[in-house]
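Below is one structure, written out as structure tokens; comments come after it.
Numbering (UniProt numbering), first residue to last: 1 to 665.
This is how it looks when you write it as structure tokens:
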């Protein structure tokens with residue numbers, strides 16, 4: 001053990017550790033009581049029996065270090081220094097809670113103490129912790145991130161993806177597995193082929209050990225040594241603490257999966273009882289000291305309950321607060337240079353990445369094959385040689401892991417660009433995108449944002465068959481907390497990334513595969529573009545054609561064909577699928593009185609259905625015809641070229657729909 005890691009146990013130290021454990025236990029006993037009174041609702045997961053781990057590990061961290069916890073995180077928050085008054089108010093769901101009442105029992109956040117929250121998704125906090133540590137490694141801050149999780153998380157893919165990333169990139173993370181024997185009601189032996197959890201981490205080359213989690217002295221000694229080693233080497237460490245929860249998994253749990261004798265056997269070696277008795281027997285503490293600690297905790301709890309009861313509810317008028325961050329003013333368009341340059345869509349995106357990395361040292365690109373290979377679609381070709389492997393970061397094939405790491409790095413102040421090779425692969429990262437990126441600001445009451453950009457290829461046309469060819473951007477446009485962009489023009493390919501990287505929220509950019517080779521001229525001074533507005537790409541007076549992404553140029557071709565037949569069509573490029581620019585759509589439809597929506601998503605539940613519904617809600621009395629839709633056929637995208645082309649919107653179908661809208665079908 002290093003000198004810095006040595007544990008010197010004196011009276012004051014013993015009082016602090018015992019006091020922390022008593023404080024946690026009594027707080028949760030009160031929470032259980034309040035739950036039966038329906039003051040606390042939802043799920044309530046108590047830490048009863050596991051107090052030694054939070055009490056032993058968290059004090060070994062510095063104030064600047066970070067903590068990521070699980071849904072059983074009340075003890076972690078209290079030991080970390082989150083005021084009990086604010087924790088209790090959060091349990092009540094009150095506006096003065098540590099998460100503004102928006103997180104509840106499972107989602108306690110506190111920016112002041114670098115407490116990055118509980119996480120209700122089993123294993124979901126692991127990639128977040130890796131990303132926080134990645135940001136610290138890249139910025140050489142010297143911080144350590146402690147990540148707490150239960151043994152049930154080791155069955156999740158995110159556990160293994162994170163272990164690999166942490167070892168591969170030498171991330172300063174202390175992984176703390178609180179092995180209480182049961183993942184909800186599933187005993188470890190019934191769910192894991194190998195029950196030696198620390199051996200799983202060791203299999204990834206991470207220094208790992210198993211510790212008695214019921215002994216607060218052993219816990220603290222192990223944690224001190226691990227933290228000191230992380231600070232010295234910069235490499236991750238893994239501690240598996242064998243512990244037990246005396247209460248149910250949650251207050252809903254009838255505990256039919258274990259017998260009372262097992263629980264009582266573990267209670268006999270409980271961490272508070274064990275440490276208290278040792279302190280008394282050793283003469284470091286006396287009965288009156290223990291009584292004083294209990295009185296202190298009781299008084300603090302009474303104050304916290306009174307605070308929570310008196311705290312106000314957040315007004316209903318604030319319902320939409322903390323979904324997105326403060327809106328930035330739209331960027332000023334750059335002054336034209338007078339010089340035009342020939343460029344492809346692919347080159348425009350590459351130039352946007354390069355410019356961003358040159359402007360801002362916080363920006364980095366990571367994803368599968370973005371470095372040495374140059375990107376699946378050659379977008380990042382040459383960037384590795386320019387910016388190096390730290391900032392053009394090749395990842396394993398672990399979409400959830402590295403996307404979650406990007407989220408964590410963004411929450412820690414970096415500006416990551418995560419590249420997912422294709423939209424179909426993004427579904428492997430959907431948990432992190434939906435449950436973390438889109439919700440972190442809201443659940444934390446606005447304390448933590450995720451200024452992250454995720455790019456991915458989308459769409460059909462290259463005969464890549466069903467698992468590489470779908471258009472799922474409409475699915476993501478369904479999710480509050482995200483912004484969804486679909487650049488089609490060279491200017492948007494060049495400028496949307498610029499603006500997105502300055503946005504406080506997660507931005508998803510969908511690049512249609514059929515656009516990468518599209519070439520044209522662009523102003524040499526092209527720069528940032530507005531990511532909040534649709535664009536009228538062709539003015540017209542008789543029918544509005546609404547589209548985005550890969551279908552834009554087919555729709556413009558359809559408008560030209562319609563013009564030959566004397567039909568004047570206006571073409572709107574949505575560009576931004578979330579938030580939709582209703583104003584531009586409705587202004588156009590009010591003039592033309594007819595609308596056709598072209599969408600490469602499937603017809604059922606497509607983005608086209610949403611746009612159509614909004615037109616019906618806001619402009620129904622302006623319409624002279626039903627809203628038309630041209631969408632992909634309701635089939636997985638086929639491999640044969642002729643079937644693939646038949647499955648997605650084409651110009652003739654757009655022309656036919658527009659003619660039907662104007663009564664000339």
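Using N, Cα and C, we set each Cβ at its ideal position, and we do this for glycine too. Predicted, not measured: the structure shown is a model, and the values here were computed from it.
Inset, instruction - Classify residue 179 as buried or exposed, calling it buried when 16 or more other Cβ atoms lie within 10 Å of its own Cβ. - result: buried
Inset, instruction - For residue 269, count neighbouring C-beta atoms within 10 Å of its own C-beta (all shown protein chains included) and say buried if the count is 16 or more, exposed if not. - result: exposed
Legend entry - residue 244 versus residue 165: straight-line alpha-carbon distance, rounded: 29 Å
Inset, instruction - Please confirm if the stretch 63–83 is in contact with the stretch 147–160, defined as three or more CB-CB distances below 8 Å between the two stretches. - result: yes
Legend entry - At least three beta-carbon pairs within less than 8 Å, the stretch 268–286 to the stretch 200–216: yes
Inset, instruction - Return the bridge partner residues of residue 455 from the DSSP annotation. - result: 419 and 509
Legend entry - Per-residue burial, residue 79 [other beta carbons within 10 Å of its own, 16 or more giving buried]: buried
Legend entry - Start-end ranges of the alpha helix (DSSP H) lying completely within the stretch 378–443, minimum 4 residues: 383–387, 399–411, 423–426 and 440–443
Inset, instruction - Mind reading off the beta-carbon distance from residue 649 to residue 630? Whole number of angstroms is fine, and I expect it under 8 Å. - result: 5 Å
Legend entry - Runs of alpha helix (DSSP H) wholly within the stretch 4–50 (minimum 4 residues, chain order): 11–36
Inset, instruction - Provide the residue span of the beta strand (DSSP E) that contains residue 450, from first to last. - result: Careful: residue 450 lies outside any beta strand (DSSP E) and carries neither H nor E.
Legend entry - C-beta contact flag for residue 135 and residue 408 at 9 Å: yes
Legend entry - C-alpha gap between residue 413 and residue 454, whole angstroms: 16 Å
Legend entry - Check whether residue 488 and residue 577 have beta carbons under 9 Å apart: no
Inset, instruction - Spell out the partners DSSP gives residue 546 in its beta bridges. - result: 572 and 597
Inset, instruction - Using the Cα positions of residue 3 and residue 190, report the straight-line distance between them to the nearest angstrom. - result: At residue 3, the pLDDT of 44 sits below 50, so the modelled position is not reliable and the matter cannot be decided from this model.
Inset, instruction - Would you grab the beta carbon distance between residue 392 and residue 371 for me? Rounded to a whole angstrom, and I think it's under 8 Å. - result: 5 Å
Inset, instruction - Taking only the alpha-carbon atoms, compute the straight-line gap between residue 231 and residue 57 and give it to the nearest angstrom. - result: 15 Å
Inset, instruction - Reducing DSSP to helix, strand and coil, say where residue 662 ends up. - result: coil
Inset, instruction - Figure out for me which residue from 287, 483, 444 and 77 has the closest Cα to the Cα of residue 452. - result: 483
Inset, instruction - Determine, using beta-carbon pairs with one atom in the stretch 414–430 and one in the stretch 468–486, whether at least three such pairs fall under 8 Å. - result: yes
Inset, instruction - Just the C-alpha distance for residue 316 and residue 95, rounded to the nearest angstrom, thanks. - result: 11 Å
Inset, instruction - Quick one: residues in its chain with C-beta nearer than 7 Å to the C-beta of residue 48, no 5 flanking neighbours on either side, listed in chain order? - result: 25, 28, 245, 246 and 247
Legend entry - Per-residue burial, residue 480 [other beta carbons within 10 Å of its own, 16 or more giving buried]: exposed
Inset, instruction - Can you have a look at residue 114 and say buried or exposed, based on whether 16 or more other CB atoms are within 10 angstroms of its CB? - result: buried
Legend entry - Cβ pair residue 430, residue 473 closer than 9 Å: no
Inset, instruction - Drop a sphere of 10 angstroms on the beta-carbon of residue 108, count the other beta-carbons inside from all chains shown, and report buried for 16 or more, exposed for fewer. - result: buried
Legend entry - residue 131, buried or exposed, once every other Cβ within 10 Å from all chains shown has been counted against 16: buried
Inset, instruction - Can you grab the Cα-Cα spacing for the pair residue 120 / residue 106, in whole Å? - result: 6 Å
Legend entry - As assigned by DSSP and simplified to three states, the class of residue 155: helix
Legend entry - 3 or more residues per run - each beta strand (DSSP E) lying fully within the stretch 573–657: 576–578, 595–602 and 628–632
Legend entry - CB-CB length for residue 432 against residue 127, believed under 8 Å: 6 Å
Inset, instruction - Report buried or exposed for residue 537, applying the criterion of at least 16 other Cβ atoms within 10 angstroms of its Cβ. - result: buried
Inset, instruction - Tell me whether residue 149 sits in a helix, a strand or coil according to DSSP, three-state version. - result: strand
Inset, instruction - Report the rounded CA-to-CA distance for residue 306 versus residue 50, giving the unit in angstroms. - result: 27 Å
Inset, instruction - Report yes or no: do the stretch 355–371 and the stretch 327–338 share at least 3 C-beta pairs separated by less than 8 Å? - result: no
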